[in-house]
Amino acid sequence: MAVLRWTFCVILVLLYVILLAETRPTGKRPQRPPLPLLFYVNPNNSDLLQGDIMVRSGSQLERFAIYTVVKDSSKVWPDAKVYYTISPDFDVDLDQPLIKEAMALVEEKTCVKFIERKDEPDYISIEFREGRCASHVGKEGGEQTLALDFSYCPGKGQMAHEFMHALGFFHEHCRPDRDDYIDIKWDNVQDGGEHNFKLRSETVAETYGQAYDYESVMHYPYNTYAKDKSLPTIVAKDPSITAAQLGKGYLDNYLTETDIIKVNKLYNCPPKT
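Numbered per mature numbering (1 follows the signal peptide of the UniProt record, and there is no 0), the sequence shown spans residues -23 to -1, 1 to 250.
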């Protein structure tokens, strides 16, 4: 009888462990099917600048709204070293390697290094946030959150997009001269989503003299925040630029040469062989 009771207790413990394993949230969220959209946007993003940028004060919404590269030197990570932690909500074997591969996309041709935090005071806390992929722009000081949900940003390019925000980069399609290169189809922009494309062209932004980069990892794809996803919200004025080129680095997991140049200029990187 004692053996039966012991066996029953062991079975209960095993069932409890299995239940915990199945219900613990992870970045991949395998039980949730991918959204049927080309671009994975954050729902209910009214508190985010341009769709995926976190801010600590309302004044920053106005001050930084049209920069493509942050101009405040205090926002740049010293010595191009970005310290980070990864929440245990992300599976060590499945999720965390993907996050590190996204970091590697940025590191590959720049001098930026993402380094696991020991006790450094300024660092990125990579956390699971359901329905949200977002980051602050540049170094905030202290702990700053970078949110990921693989249901909304499943690709390495999409995660690299958030790491580029953390380095100090805003969206390419919101640079002040964007109206020379693209048209925003406002009639097809979701109600309440207009702020994701808004410009304040009287402010001078830092673009490092680089040409408009349609394929940038920091450029929205063509139907972002569309009411009708079969129709675009962004159209290139140049007819030779196809819809598929818009945000191609974001969707196909790479940084463009222009992205790399901007990172290297912002962080004073020596030439990388």
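Backbone N, C-alpha and C fix where the C-beta goes; we use that ideal spot for every residue, glycine too. Bear in mind the structure is a predicted one, so any value in this text is a computation, not a measurement.
Query, Result
"Buried or exposed by the 16-neighbour rule on C-beta atoms within 10 Å, applied to Pro74", "exposed"
"Beta-carbon gap between Gln167 and Tyr202 smaller than 9 Å", "yes"
"DSSP beta-bridge partners of Tyr60", "Ile92"
"Whole-number beta carbon distance between Ser112 and Glu139, since they are thought to touch under 8 Å", "4 Å"
"Same chain, Cβ closer than 7 Å to Glu120, neighbours up to 5 away in sequence not counted", "Tyr100, Ser102"
"CB of residue 251 within 9 Å of CB of Ile161, strictly", "Because the chain is modelled from -23 through 250, residue 251 falls outside the range shown and cannot be assessed."
"Under 9 Å between C-beta atoms of Gly115 and Ala79", "no"
"Own chain partners of residue 272 with C-beta closer than 8 Å, once the 5 adjacent residues on each side are dropped", "For the chain, the structure presents residues -23 to 250; residue 272 sits outside this window and is missing."
"Anticipated Cβ contact below 8 Å, Tyr227 with Val194, distance rounded", "5 Å"
"Local conformation of Val(-14) per DSSP, three classes", "Low per-residue confidence applies at Val(-14): pLDDT is 46, beneath 50, and the placement is therefore not dependable, though the value from the model is reported in the following sentence. Correct three-state label for Val(-14): helix."
"Range of the contiguous alpha helix (DSSP H) that encloses Phe140", "133 to 144"
"Straight-line Cα distance separating Ile159 from Ile208", "Just to set this straight, residue 208 is Leu in the shown sequence, not Ile. Cα to Cα, Leu208 sits roughly 15 Å from Ile159."
"Exposure label - Ser128; buried when at least 16 CB within 10 Å", "buried"
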